[in-house]
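Undergrad: Residue numbers (this note's numbering), protein chains in the order written: chain A, 115 to 220; chain B, 115 to 220; chain C, 115 to 220. Ideal placement from N, C-alpha and C gives every residue a C-beta, glycine not left out. Quantities reported herein were computed from a predicted structural model and do not represent experimental measurements. The structure is given below, and queries will be raised subsequently.
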Amino acid sequence: MKVVVQVSEKEKINQAVKSVMNLINDLGEELEEVEVVFHQSAITATIDEGIIKPLLEKKINVIACRNSLISQGINESSLVKGVKIVNSGVGEVVRRQKEGWIYLRL
Amino acid sequence: MKVVVQVSEKEKINQAVKSVMNLINDLGEELEEVEVVFHQSAITATIDEGIIKPLLEKKINVIACRNSLISQGINESSLVKGVKIVNSGVGEVVRRQKEGWIYLRL
Amino acid sequence: MKVVVQVSEKEKINQAVKSVMNLINDLGEELEEVEVVFHQSAITATIDEGIIKPLLEKKINVIACRNSLISQGINESSLVKGVKIVNSGVGEVVRRQKEGWIYLRL
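Listed below in structure tokens is the structure:
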């Protein structure tokens with residue numbers, strides 16, 4: 115299965131990443147793809163290598179919301195290498211579900 | 115596609131409305147219908163014209179949870195004109211998904 | 115229909131239980147099964163009889179996340195009788211959706 119994870123709050127970034135790792139350990143081979151979408155105040159995660167690298171190393175898609183980058187005054191050049199940008203995090207979460215991905219809001 | 119949006123926390127009302135607007139801008143014509151359900155402490159949004167009018171102007175369904183109105187001591191006559199009431203916000207969110215709507219929890 | 119409910123935050127336990135009761139009252143016979151998954155800081159609910167018993171009395175499945183129990187230093191023997199344990203709360207939420215359950219994040 116494929117899972118799209120939404121992370122919205124800055125205060126929950128670390129807990130969310132921990133939960134994503136638990137998800138991977140729990141579901142193992144059942145899990146085909148995982149995508150983590152950071153938006154709203156949680157967008158700051160996408161410029162923090164200590165947070166993002168472990169996710170990328172697990173072959174997780176890491177997505178940054180452009181609207182949130184602009185709101186928070188973060189330059190796209192500051193993103194950790196490997197992070198992809200979408201126009202809106204909410205649009206991405208909705209589109210992925212339309213494609214059949216399972217939704218998890220952390 | 116059709117999207118049902120759940121807004122639960124008072125502190126997140128403004129951010130949630132901003133995200134709904136971003137969703138509309140991002141998905142454009144792909145989006146057939148959007149419904150925003152305010153419940154729990156976020157129910158207060160439904161008596162605030164400055165918050166609700168821009169949503170109604172975008173042809174978004176705005177829904178108030180009756181249980182939350184009662185909990186917060188808000189009279190139905192105080193609702194912004196155009197807001198619809200359901201017995202429970204959570205019931206609405208579940209029913210919409212049953213009907214095939216995509217879920218977004220802000 | 116079948117609904118899987120995710121409760122993540124300790125501060126929201128009481129409100130979440132209230133919403134689950136509202137869901138049951140609202141959907142009535144339409145609702146075949148409800149499962150409430152407590153994880154992250156909300157795991158503490160699973161050792162509190164005053165919170166869990168009313169749920170069990172309504173034939174709701176109450177689930178505790180083992181990862182969260184370990185993180186919070188809660189012994190499995192402290193769980194309210196009738197609570198079931200899964201390896202990870204997020205894995206449970208994803209699996210249930212895969213099985214066709216509707217997702218509600220409180």
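Touching or not, the stretch 165-175 of chain B and the stretch 129-136 of chain B, by the rule of three or more beta carbon pairs under 8 Å?
TA: They touch, by the three-pair rule.
Undergrad: Excluding five sequence neighbours on each side, which residues of the same chain lie with their C-beta closer than 7 Å to the C-beta of Ile157 (chain A)?
TA: Ala178, Cys179, Ser182, Leu183, Gln186 and Ile188.
Undergrad: Kindly say whether Ser155 (chain A), judged by its beta-carbon, lies nearer than 8 Å to any beta-carbon of chain C.
TA: By this cut-off, Ser155 (chain A) is not an interface position.
Undergrad: Is Asn128 (chain A) close to chain C, meaning its C-beta is less than 8 Å from at least one C-beta of that chain?
TA: Chain C, which has no Cβ nearer than 8 Å to the Cβ of Asn128 (chain A), makes this no.
Undergrad: Rank C:Val150, C:Thr160, C:Gln211 and C:Ile165 by C-alpha distance to the C-alpha of Glu190 (chain C) and give the top, closest one.
TA: Of the candidates C:Val150, C:Thr160, C:Gln211 and C:Ile165, the one whose C-alpha sits nearest the C-alpha of Glu190 (chain C) is C:Thr160.
Undergrad: Determine the extent of the alpha helix (DSSP H) in which Asn136 (chain A) is found, giving its start and end residues.
TA: Residues Ile127 to Leu141.
Undergrad: So with CB distances below 7 Å, who are the chain C contacts of Arg219 (chain A)?
TA: Result: Arg219.
Undergrad: Quick check on Asn181 (chain B): does DSSP put it in helix, strand or coil?
TA: Here Asn181 (chain B) sits in helix by DSSP.
Undergrad: Pull the bridge partners of Leu218 (chain B) from the DSSP assignment, please.
TA: In the DSSP output, where bridge partners are listed per residue, Leu218 (chain B) has B:Val119.
Undergrad: What's the call for Glu146 (chain A), buried or exposed, on a 16-neighbour Cβ count within 10 Å?
TA: It counts as exposed.
Undergrad: Should Glu163 (chain A) go down as buried or exposed, given a rule of 16 or more other Cβ atoms within 10 Å for buried?
TA: Exposed, by the Cβ-count rule.
Undergrad: Is Glu125 (chain A) buried or exposed, if buried means 16 or more other CB atoms sit within 10 Å of its CB?
TA: Exposed.
Undergrad: Compute the distance between the beta-carbons of Val121 (chain C) and Val150 (chain C), then report whether it is under 8 Å.
TA: Yes, the pair counts as a contact, with Cβ atoms nearer than the cut-off.
Undergrad: Expressed to the nearest angstrom, what Euclidean distance is found between the alpha-carbon atoms of Lys116 (chain C) and Ile199 (chain B)?
TA: One C-alpha to the other measures close to 24 Å.
Undergrad: Quick one: is Gly203 (chain C) buried, meaning 16 or more other Cβ sit within 10 Å of its Cβ, or exposed?
TA: By the 10 Å Cβ count, Gly203 (chain C) comes out buried.
Undergrad: With H, G and I counted as helix, E and B as strand and the rest as coil, what does DSSP make of Glu149 (chain B)?
TA: Strand, per DSSP.
Undergrad: In terms of DSSP beta bridges, what is Val200 (chain B) paired with?
TA: In the DSSP output, where bridge partners are listed per residue, Val200 (chain B) has B:Cys179.
Undergrad: Distance check for Arg209 (chain B) and Ile166 (chain B), CA to CA, integer angstroms please.
TA: Spanning the two alpha carbons is a distance of roughly 23 Å.
Undergrad: Put Glu213 (chain C) into one of helix, strand or coil per three-state DSSP.
TA: Coil at Glu213 (chain C), not helix or strand.
Undergrad: Can the beta-carbon of Gly205 (chain C) be found closer than 8 Å to that of Leu220 (chain A)?
TA: The answer is no: Cβ separation not under 8 Å.
Undergrad: Per DSSP, what kind of secondary structure is Glu195 (chain C) in: helix, strand or coil?
TA: In the sequence on display, residue 195 (chain C) carries Lys and not Glu. Correct three-state label for Lys195 (chain C): coil.
Undergrad: Using DSSP with H/G/I as helix, E/B as strand and the rest coil, what is Ile157 (chain B)?
TA: Reduced to three states, the DSSP call for Ile157 (chain B) is helix.
Undergrad: Which one of C:Ile127, C:Asn139, C:Val148 and C:Asn128 has the shortest CA to CA distance from Gly214 (chain C)?
TA: Ranking C:Ile127, C:Asn139, C:Val148 and C:Asn128 by Cα distance to Gly214 (chain C) puts C:Val148 first.
Undergrad: Just the chain E side, please: which residues come within less than 7 Å of Val117 (chain C) by C-beta, in chain order?
TA: In summary, chain E is missing from the structure at hand, where the protein chains are A, B and C.
Undergrad: Which residue comes first and which comes last in the alpha helix (DSSP H) that contains Gly55 (chain C)?
TA: The requested residue 55 (chain C) is not part of the displayed model; chain C covers only 115 to 220.
Undergrad: Can you find a C-beta in chain C that's less than 8 Å from the C-beta of Val231 (chain B)?
TA: Beyond the ends of chain B as shown, which are 115 and 220, falls residue 231 (chain B); an answer cannot be given.
Undergrad: With a threshold of 8 Å between beta-carbons, can Asn201 (chain B) be considered close to chain C, or not?
TA: Chain C contact via Cβ: present.
Undergrad: Indicate whether at least one CB of chain C lies closer than 8 Å to the CB of Asp162 (chain A).
TA: No, its Cβ sits nowhere closer than 8 Å to a Cβ of chain C.
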